Every structure is written in structure tokens, then in C-alpha cells.
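Protein chains in written order, with numbering that gives the first Met the number 0: chain A, 0 to 310; chain B, 0 to 390; chain C, 0 to 100.
Beta carbons are placed, not taken as given, at the ideal position from N, Cα and C, and that holds for glycine.
These numbers come from a predicted model, not from an experiment.
Presented below is the structure to which this report refers.
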Amino acid sequence: MEDGVIRFGKNIVAKEELLCSGHRACQGCGSALIIRLSLKALGKDTIVCTPAGCWSGVGSMYPDTAWQVPWMQTLFENSSAVAAGIESGFRVLMEKGRVPKRHINCLALAGDGATNDIGVAALSGVLERGDDIVYICMDNEAYMNTGIQRSSATPYGAATTTSPAGKVIPGQTTWKKDMPAIVAAHDVPYVATASPSHPFDMMNKVKKAGEVKGPGYVHVLSPCPTGWRFPPELTIEIGRLAVETGVFPLYEVENGHYKLNVDRAQLKPVVEYLKPQGRFRHLSEEQIERIQDRVNKKYADLKARVTGQAA
Amino acid sequence: MSKRVALEGSFAAAEAARMADVDVIAAYPITPQSHIIERLADFVANGELHAAYMPVESEHSAMSACWGASGAGARTFTATASQGFFLMHEVLYFVSGMRLPVVMTVANRAVGPPTNIWGDYSDAMTARDTGWIQLFAANNQEIFDFVLSGFRFGEDPDVLLPVMVHLDGFTLSHVVEPVVLPEQEEVDSFLPKYHHPYAYDPDRPMSYGIVMNPDTYAEVKKAQDVSLRESKEVIVRVWKEFGDKFGRYYSPIDGYRTEGARTLLMSTGCLSETAKVAIDRKRDQGEDVGLLTLHLWRPFPFEELYEAVKDADTLIVFDRAISLGGPGGPIISEIKSALFDKRRDIKFAGLVGGLCGRNLTVEQFEEIVDRGREIAERGSSQVLETIGIRG
Amino acid sequence: MAEKKAKSILKPDWQDCRFGNIFTEAGSSRHYRTGDWRSDRPVVDKEKCNKCGLCWLYCPDSAMKTLEDGYYEPDLFYCKGCGICAKVCARKAIAMIEEGA
Chain A
0 MEDGVIRFGK
10 NIVAKEELLC
20 SGHRACQGCG
30 SALIIRLSLK
40 ALGKDTIVCT
50 PAGCWSGVGS
60 MYPDTAWQVP
70 WMQTLFENSS
80 AVAAGIESGF
90 RVLMEKGRVP
100 KRHINCLALA
110 GDGATNDIGV
120 AALSGVLERG
130 DDIVYICMDN
140 EAYMNTGIQR
150 SSATPYGAAT
160 TTSPAGKVIP
170 GQTTWKKDMP
180 AIVAAHDVPY
190 VATASPSHPF
200 DMMNKVKKAG
210 EVKGPGYVHV
220 LSPCPTGWRF
230 PPELTIEIGR
240 LAVETGVFPL
250 YEVENGHYKL
260 NVDRAQLKPV
270 VEYLKPQGRF
280 RHLSEEQIER
290 IQDRVNKKYA
300 DLKARVTGQA
310 A
Chain B
0 MSKRVALEGS
10 FAAAEAARMA
20 DVDVIAAYPI
30 TPQSHIIERL
40 ADFVANGELH
50 AAYMPVESEH
60 SAMSACWGAS
70 GAGARTFTAT
80 ASQGFFLMHE
90 VLYFVSGMRL
100 PVVMTVANRA
110 VGPPTNIWGD
120 YSDAMTARDT
130 GWIQLFAANN
140 QEIFDFVLSG
150 FRFGEDPDVL
160 LPVMVHLDGF
170 TLSHVVEPVV
180 LPEQEEVDSF
190 LPKYHHPYAY
200 DPDRPMSYGI
210 VMNPDTYAEV
220 KKAQDVSLRE
230 SKEVIVRVWK
240 EFGDKFGRYY
250 SPIDGYRTEG
260 ARTLLMSTGC
270 LSETAKVAID
280 RKRDQGEDVG
290 LLTLHLWRPF
300 PFEELYEAVK
310 DADTLIVFDR
320 AISLGGPGGP
330 IISEIKSALF
340 DKRRDIKFAG
350 LVGGLCGRNL
360 TVEQFEEIVD
370 RGREIAERGS
380 SQVLETIGIR
390 G
Chain C
0 MAEKKAKSIL
10 KPDWQDCRFG
20 NIFTEAGSSR
30 HYRTGDWRSD
40 RPVVDKEKCN
50 KCGLCWLYCP
60 DSAMKTLEDG
70 YYEPDLFYCK
80 GCGICAKVCA
90 RKAIAMIEEG
100 A
């Protein structure tokens, strides 16, 4: 523990807290940890744009703000576009010698609803134009802030308030939208998936996303005790299980080249991931089987993609 | 030496943005503004303008990117019309609420359905409450002058508010008129560099747009309202300076042959020039009627209005916009409301016409004056009196 | 005096809100005691602790203080009692004790 950092083996983590304590996130909030560690990875020269979501109010309710970096509330669908505008503005001002040249991370920090649904067009535009921003999607798999409504990131079978576990329709009927694949299809320099349960992997990825020239996208699984209905101390454990069962594989796509960061010879059965979560409590054997088949297939596809590509 | 060139309205707008050395342009094409952003793309591609050109995927993103750029401290410009203007609607409030002096030209176009591309002000009228400074140009010279002076008063440290310059779709945007362009040095001495006191800066971290509750929201909104109203003083002062420097003076409401006129016709936009010819004819026939051209729409020019109507007993207002189910055309509704406490004695008449680019002739403007007088005198059975609409 | 100041921040007059949507004091949430939320409190057993720092790393509220001697101590002003630190500790050196017990 010296010179403002803490060392974890070869991993060096800055001590400075750019997301201050006193924020109103739930006990055990996955996204609070994601933000805290991501800002350590990016550093203080970061401007944050947050759309509607938990972090519209949790970190910024007058007169309290938990942000120790410039932070702004954007509209629901446009944090990517606002961040791109900031980057363009600074770039021209630096080119014209009006502000000193420096690297500033323009970060859009959005939930799954803002990313997958309402903001997907603006995000696609940013990706296609190659705007030099960092985009972190904190995926807690529903519109949590407004009361746990389903989004296109809600997994099959999950109970939310708008896909309730009813007698006739038991939970979400569609599969989770594969947002990292959609982003990768735009041929951007860097796409990655991450989880706070694997913090050094996550921080390295966020750092890489900040360093690339062009869009850097990190899709982070954000276990949510309140919405997924599990005790708050299990946040990290649930994240780990998501990776170990293959439900949420950790991989990177660097200039189109796929790399699987965490793999195991035998994936744990998905039921180990589903069981501790109240949102899956109602699942039938048949639904669980369907989920297992889907996970097996998608994981195999990912592995085939990794091994099948040129070195 | 300033030079006199022939420019269509779109190119006049683009030229003003170029001479103002804008830093960021984020825009999406829509008829009839596309020529504005095409000309700007030419400037950037040919190295005549050093700016980031962001060809965004929707108008919502256009205004969003402008928000980010302006907040970073970059001079920002965009253009849109009608449907695109509506798509960016929610973003307009954030740009004004965050006190960001973005300048936007709106090539006014009718609201669909029916699907259309031609001009009227129905789009502009939906943005009355957005907190933007709003101007209406009546010719291409005014387009150039309002965009240029718009950067100046929008960025003034006592203002820091965004500016919309409305211009008639097609009848100004695509029509070539003579425009006097100043020298670049003159523009540079008139327009200082943009500096925002709260620009995003990692060395001065702040939080922008934090949640406020019922206890605090209203005070912030009232302060915003006061700031917008107070900007009129700066606009008037800047226009005086503009006139001294470039020789063209503007005021929130410009009068034409209003001396001793007891009947006044109010118009806005390019049809005001047709109205001027009608006023000339009326005057030749000995009628004491004059024209008021409304230039400043927001903040609403109360004092200038009271002054303009001080000798009048009849005020006829021509609206080139329709407000469905409302208490009349948008402009006449507001004019009546503004004068209610000061001049109960004035008789009013409002006529709506010219929608979706339908032209009005000099004769029709004479008819507006004649029918207007009758309506003002005897009242009307209809809330919405119209001109040139069949049936 | 402090009370009067607090009142004016929570209920400002409009004249103080000219740039009301821009809040200039970064990190002002630091004054807010989220420690009032918890029902369980983490207690570190220094005998078992090997100073690995994972409890500090995984806390969503940055509520683990770093001590001079290299050990870590929960910051009870902020700690919400979520129990993540106890769960991730490889040495099982942190126990969650009920408040008031």
C-alpha cells in the first residue's frame, strides 16, 4: 500500500475514490461497484454521461452528488450522442489550440434499457461514426429504477413487473438480446463483456476501452439484489456463477479478433446460477432445460468462433 | 470591404456559421434545410472551415451532440425543420436548461400529416415553452445577420442561452436574394471567442442536471424564466452594436410606414415583404395603415409591442401557422394576451393563411387589412378566420 | 448559523438558482450517513486477516478504510451492512454481527 495505489499481485488499483461514499445505491449494488472500479481504471480525466436509470438519482440527488469527476444527467436515449458531442468539442478546441491537449475519457455509462432499447439507435450511430468514446453498459437485465420492468436484456423466464410469472405466461418469453454481438457487428476497435465478480479483468477491459481510438464498449453484468431478488451479500457470488455456468461468458473482440478470457473444461449447470435468484423461482423443469440448451449452444458458438478464426 | 453576393437563404445561414468559425456541427438532413448542412459539409471538406462535422443518425442525436459539444466549450451549430424539429423536442429543454448557447436555424415547414415539405411556422410554434431565444427572419440578409448576432448574444456571459433562427422553408431557404457579407476581420472583432463559465473540465468537476424535488424545482425554473426575459436587454444592445458596425439595425418589432397609423397589420417572416407592398398601396389610397414585422418571438417583446401600438386602435395579426382547437392563431393569441392589461381599447382581428407554402399575393394582403378591419369592428362568428383557404 | 445555511441550501430562493442545474461541489454526498441503513455490521478478525485487500476492493460503497498497519477496517459512517466483504473474504476473517447485539 504505497503511493496512492493498492497492489493485488500484478494488478495495481488506484486508491482515489472518484465515486464517493454516501450515494444512495441499494445494499450490495452491482453497478455501484462497477462504477467505482471503472473510474479507478479510467482515472480522473473522465467526463461521465448517465441516462435515466438508477444513477439519475442514486448518485445525484440535490444537494448530494457522489461524483468526483464531471458528471451529467442526459436523456434516456442519448448519453452516447452527448458523449460523442463532448469528444468532438474537445477535439476541435484542442486542434485550434483553445484548450491544452490532453486525453479525456468521454464516458457514456448506461443501463441495459438505455443501451439495448431506447438508446440503441443513437449508440449504433456513434459506433458507425467511430466516435472516440467509452461506453459501459451496466446490465442488470431490466428497468430497475422505475420498478423492475422488463427490457430486451431480461433473460428468458425471468419474472419482472411487466413480464410477471403468471399462471398462463410464466415470465419473460423472449431470449436476451445479444448486445455485445450487435456492437461487434459495427467493426469497432474494442468490445468486451465483464463482470464485477472478476474485477481485475473488468478494470483492464475498461482501461483498454479508454485507450483505443474510436468506440470502446464494455458490457458488464450488474447483479441486482433488489431486482433479481437475492440477499445483498451474494452479488459477487452471483456474478461468478453467471460466468462459470456460461450464462455470461467473459470475452473480448479486439479489431474483430475474438478472445475468451475465462473458460473451463466443464461449465457448471445453469440451475446453480438460477436457484439463488427469486426472479427465477417459478421456473419449470422444462424452462430450465430450455435455458440450459440455449446456454450450451451459445457457448459452443462462441468457442467455435474463437478457435475457428485465423491466429 | 464588405461584398454583395447572391445567396439562397440556406447558404446565407451556412456562411454566417462559417464566418463565426463554429467548432462543431451535428446535423441530420431534412427538406428544406438540407442545403444548409450540405454547404457546411463542403466548407469542412474543402478546409474552409475547421470544425467537427458529425453526420448523426437522427435529429434527436443532432441536438444531443450539440449539447455535449457546447458544454465542452465549443461553438455549436445545427439546422432542422418540422418533423426533425419535433424529434429533438425533449433535448431542446435540456440545452436551454443547461444554459448552452447552441445556434440553430429552423427552415420552417408545415406539420404532417398530410405529408408535406413546404413552409409555414406551425413547427416553430410548438417550441414556445422550450426556453430558447427565438427570432424570425424575413429575408436572407436577416438570416445571415440573425445567425451571426445570435452567436454573439447567445454566448454573452449575462445570457448563455440557445438561439433559434426561424426562416421560411423554400421561400427563403431556396430563394436567391442579394446578401451583403462583411469582412472576416469585422466579424472577428464583433464576435469574441465562446467561453462557458461552467464548461466541462476534469480539473473542475461538477455535476450537471442532478435530481431536484418539489422543494427546489420551481425556483430553478423561475430563475431560468427571468434569465430568458432579461436576455432581451442584451439582444437589443447587441443589435445596436451590430447596426453601428455593419450598418443594418434591427429591433424586436420593426415598423414600416407606421407614422400616424391607427390600423396596424402584424406579420412575421418572408410574407412581411409582400405585406409591405400592400401597405404601400393602401397608403397611396390614403389609408392610415402600417406594418409591424415581428423579429423577436422569445423572449416576448412586451415593451416594444406597447410602443409599436401606442397610436393604434386596430391591430390585425396574420398567422402563418395553425393551432388546432386553440383560441386563434398562435401569434394573435399571444399578442392579445400581452395587450390585455395595457390596451383594452384596441380592437383585434386574426387571420390564418399561407399554410404549407401556399403563397399570398399583395391583393390578399390588402384583403387581410380590409377584412381585418371588419372583423375587428363587428367581431366574428369563427375563432379561426382564414385567408386563401377554400370553402 | 449552520442551520440557517442548511435551510437555504435545501430551500434556496430563485435568485440563487441562476445556474440552478449546475451543481458545483463535487462529492458532496460524503456528508450523508448511509451507515444508518444497516442492520448487520462487519467485524474484522485481525488474527485471521492476511491483509489481502479484497474486502476493500469489492465494497460498492468504498466503506473499507485502509489503516496504517495495512489492515482494513469498516467505515461505519457509510457501511450499509450488505455483507459482500464477509462473503468474498478468503480467510473468513469478517463476520456480520447484528447491530445492537
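When you compare the CB positions of residue i and residue j, do they come within less than 8 Å of one another, or not?
i: Leu32(A); j: Pro50(A); result: no
i: Arg17(B); j: Glu47(B); result: yes
i: Val316(B); j: Val178(B); result: no
i: Gly349(B); j: Asp369(B); result: no
i: Val94(B); j: Pro156(B); result: no
i: Val125(A); j: Ala208(A); result: no
i: Met211(B); j: Thr23(C); result: no
i: Phe23(B); j: Ala51(B); result: The question names Phe, but residue 23(B) in the sequence shown is Val. Cβ atoms of Val23(B) and Ala51(B): closer than 8 Å.
i: Ile311(B); j: Arg343(B); result: With the sequence shown as reference, residue 311(B) is identified as Ala, and Ile is not the correct amino acid for it. No, the pair does not count as a contact, with Cβ atoms beyond the cut-off.
i: Tyr199(B); j: Gly70(B); result: yes
i: Arg37(C); j: Gly21(A); result: no
i: Asn260(A); j: Glu251(A); result: yes
i: Leu106(A); j: Ile46(A); result: yes
i: Arg293(A); j: Tyr257(A); result: no
i: Asn144(A); j: Gly52(A); result: yes
i: Cys48(C); j: Ala92(C); result: yes
Under the three-state reduction of DSSP, which class applies to residue i: helix, strand or coil?
i: Trp296(B); result: strand
i: Arg289(A); result: helix
i: Arg278(A); result: helix
i: Pro191(B); result: coil
i: Arg127(B); result: coil
i: Cys136(A); result: strand
i: Arg40(C); result: strand
i: Tyr197(B); result: coil
i: Asn104(A); result: strand
i: Phe247(A); result: coil
i: Val57(A); result: coil
i: His30(C); result: helix
i: Asn203(A); result: helix
i: Ala61(B); result: helix
i: Asp2(A); result: coil
i: Ala31(A); result: helix
i: Ala24(A); result: coil
Which bits of chain A does residue i rub up against, with CB to CB less than 7 Å?
i: Tyr31(C); result: Gly21, Asp63
i: Trp13(C); result: The contacting residues do not exist; Trp13(C) stays about 15 Å from chain A at best.
i: Trp66(B); result: Val81, Gly84
i: Ala126(B); result: The contacting residues do not exist; Ala126(B) stays about 16 Å from chain A at best.
i: Gly52(C); result: Ile5, Phe7
Starting from the beta carbon of residue i, find every residue of chain A whose beta carbon is closer than 9 Å, and list them in chain order.
i: Ala62(C); result: Ser20
i: Lys101(C); result: Here chain C has residues from 0 to 100 only, and residue 101(C) is not among them.
Give the interface partners of residue i over in chain B, defined as CB-CB distance under 9 Å, in chain order.
i: Gln237(A); result: Checking the displayed sequence, the identity of residue 237(A) turns out to be Ile instead of Gln. Within chain B, no residue comes near Ile237(A); the closest Cβ sits about 29 Å away, beyond 9 Å.
Of the choices the options, whose alpha-carbon is the least far from that of residue i?
i: Tyr193(B); options: Gly153(B), Asp202(B), Met163(B); result: Gly153(B)
i: Leu171(B); options: Pro204(B), Glu182(B), Val158(B), Asn107(B); result: Asn107(B)
i: Met87(B); options: Ser95(B), Ser60(B), Leu264(B), Pro156(B); result: Ser60(B)
i: Ala152(A); options: Ser37(A), Glu94(A), Asn115(A); result: Asn115(A)
i: Pro163(A); options: Lys267(A), Asn139(A), Gly226(A), Gly8(A); result: Gly226(A)
i: Glu273(A); options: His185(A), Thr306(A), Tyr155(A); result: Here residue 273(A) turns out to be Leu, not Glu, going by the sequence shown. If we check each option's Cα against that of Leu273(A), Tyr155(A) comes out closest.
i: Arg247(B); options: Val361(B), Asn138(B), Thr79(B); result: Asn138(B)
i: Val370(A); options: Ser79(A), Gly215(A), Glu15(A), Ser194(A); result: No answer is possible for residue 370(A): it lies beyond the span of chain A, which begins at 0 and ends at 310.
Below 7 Å on C-beta distance, what does residue i contact in chain C?
i: Met205(B); result: Ile21, Phe22, Thr23, Ala25
i: Ile334(B); result: Result: empty, since nearest Cβ-Cβ is about 28 Å, beyond 7 Å.
Given that residue i touches chain B, what residues does it touch there, using C-beta distances under 7 Å?
i: Leu9(C); result: Asp214
i: Phe18(C); result: Arg98, Tyr197
Please list, in chain order, the chain C residues whose beta carbon lies closer than 8 Å to that of residue i.
i: Ala31(A); result: Pro59, Asp60
i: Gly72(B); result: Ordered by position in chain C, no residue passes the 8 Å Cβ test against Gly72(B), which lies about 14 Å from the chain.
In chain B, which residues lie less than 8 Å from residue i when you measure between Cβ atoms?
i: Gly124(A); result: Val55, Glu56, Ser57, Ser60
List the residues of chain C whose Cβ lies closer than 9 Å to the Cβ of residue i, in chain order.
i: Glu16(A); result: Gly26, Ser61
i: Arg228(A); result: None at all; the shortest Cβ gap to chain C is about 15 Å.
Quick one: which chain A residues come within Cβ less than 8 Å of residue i?
i: Tyr77(C); result: Ser20, Gly21
*Using a Cβ-Cβ cut-off of less than 9 Å, give me the residues of the stretch 276-297 of chain B that come near chain C, in sequence order.*
Taking 9 Å as the Cβ-Cβ cut-off against chain C, none of the residues of the stretch 276-297 of chain B qualify.
*asked:* Taking beta-carbon pairs under 9 Å, can you tell me which members of the stretch 133-161 of chain B lie near chain A?
replied: Contacts with chain A (Cβ-Cβ distance below 9 Å) from the stretch 133-161 of chain B involve no residue at all.
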